[in-house]
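In my numbering, the protein residues as written are 73 to 303.
Positions of the beta carbon are idealized from the N, C-alpha and C atoms, including for glycine.
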Amino acid sequence: MNLKEKKSKIVNDIDLEKNIVKLVIDLAMEFGQQKKGSFFIITNRNLKPYYTWLYTDILEKTKVKINSQKILPVIRKLAELDGAIIIDEDGYLIAYGAQIKKIKHYKGHGTRHSAALGISEIPGTLSIISSEEDGAVRIMKNGKTLIEINPFTKTPPTLSEKIAELLTSPSVPLIGGGSIGALALGLNPFVAAIVFTGSYIMTKSGAKSLGEFLKRGPSALNEKKESKNEE
């Protein structure tokens, strides 16, 4: 694989629409606050080999974008059905009630979590779910849980936007390229609201705290790393 192909692969792996990711996180948070289960998949890949339909496709041959104000109530209803809602990188609905066939066991949780973890192994694919057991919103990529959010704790209104920026920005890759070590698993660096399975992101000026990014946004990334001896 030459350099051009490698660059193309990197772009294709993360080329998801930030506003769509934010919207789906917000939807999952709504479900989590009600302790309702939901399962969203955002992808730039063809996932047809990895799922089957549980219901008749009533939207066949109709292009539906999930951020339409007229469509959002429909998306909320479809998210209550068994199976996953699959959305492409531009926000168009691909499937609902999708029974995922690619499974990876998620210790301590049921089939929804295992399906979300398994399908997230496909490059360019994010799984975002809410749990009916604890209400937590979990975001998965590359077969790993990257972020867990407690929807019952007060969070800044920009939280979902900052998370979406973190997950979709090619200039802010996560250390390990998504295969993040469990450096902060079980810890809580963001006001008891969010738990990270990796606690750093990599920027041009070096490693930066995930917590700082979510508190302050892109401004946290632009600062030069201060010398330890500087006061």
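If residue i and residue j are in contact, beta carbons under 8 Å, what's the gap, nearest whole angstrom?
| i | j | result |
| --- | --- | --- |
| methionine 212 | serine 199 | 4 Å |
| lysine 90 | threonine 240 | 5 Å |
| threonine 134 | lysine 173 | So it is not a contact: roughly 25 Å between Cβ atoms. |
| lysine 176 | glycine 190 | 4 Å |
| isoleucine 235 | isoleucine 97 | 6 Å |
Using only CA atoms, which one of the options lies nearest to residue i?
| i | options | result |
| --- | --- | --- |
| phenylalanine 112 | Glu193, Lys179, Ala151 | Ala151 |
| serine 203 | Ser241, Asp154, Lys135 | Asp154 |
| alanine 170 | Ser192, Lys120, Leu218 | Lys120 |
| histidine 185 | Tyr164, Leu238, Pro195, Arg210 | Arg210 |
| asparagine 214 | Glu237, Ala208, Ala188 | Ala188 |
| serine 192 | Tyr164, Leu131, Tyr122, Ile92 | Tyr122 |
| aspartate 129 | Ser110, Lys137, Lys107, Leu165 | Leu165 |
| glycine 207 | Gly109, Lys137, Thr183 | Gly109 |
| lysine 107 | Glu205, Lys94, Val146, Asn139 | Glu205 |
| leucine 218 | Pro228, Ile201, Thr230 | Ile201 |
| lysine 94 | Ile194, Gly163, Ser291, Thr183 | Gly163 |
| glutamate 237 | Ser291, Leu144, Leu99 | Ser291 |
| leucine 88 | Val146, Pro195, Thr227, Gly182 | Pro195 |
| tyrosine 168 | Thr230, Glu132, Pro228, Pro229 | Glu132 |
| lysine 149 | Thr230, Leu99, Gly182 | Leu99 |
Under a three-way DSSP split, which group does residue i fall into?
| i | result |
| --- | --- |
| leucine 239 | helix |
| threonine 183 | helix |
| alanine 208 | coil |
| glycine 169 | strand |
| glutamate 233 | helix |
| lysine 174 | coil |
| isoleucine 191 | helix |
| serine 202 | strand |
| glycine 270 | With a pLDDT of 43 at glycine 270, under the threshold of 50, the predicted position of this residue should be treated as unreliable, though the coordinate-derived value follows. Glycine 270 falls in the coil class under three-state DSSP. |
### Message
Could you check whether the stretch 152 to 159 touches the stretch 106 to 121, counting it as contact only if at least three pairs of C-beta atoms, one from each stretch, sit closer than 8 Å?
### Response
yes
### Query
Any contact of the stretch 219 to 226 with the stretch 94 to 105, i.e. 3+ C-beta pairs under 8 Å?
yes
### Query
Which ranges would you report for the beta strand (DSSP E) in the stretch 73 to 151 if only whole runs of at least 3 residues count?
110 to 115, 123 to 125
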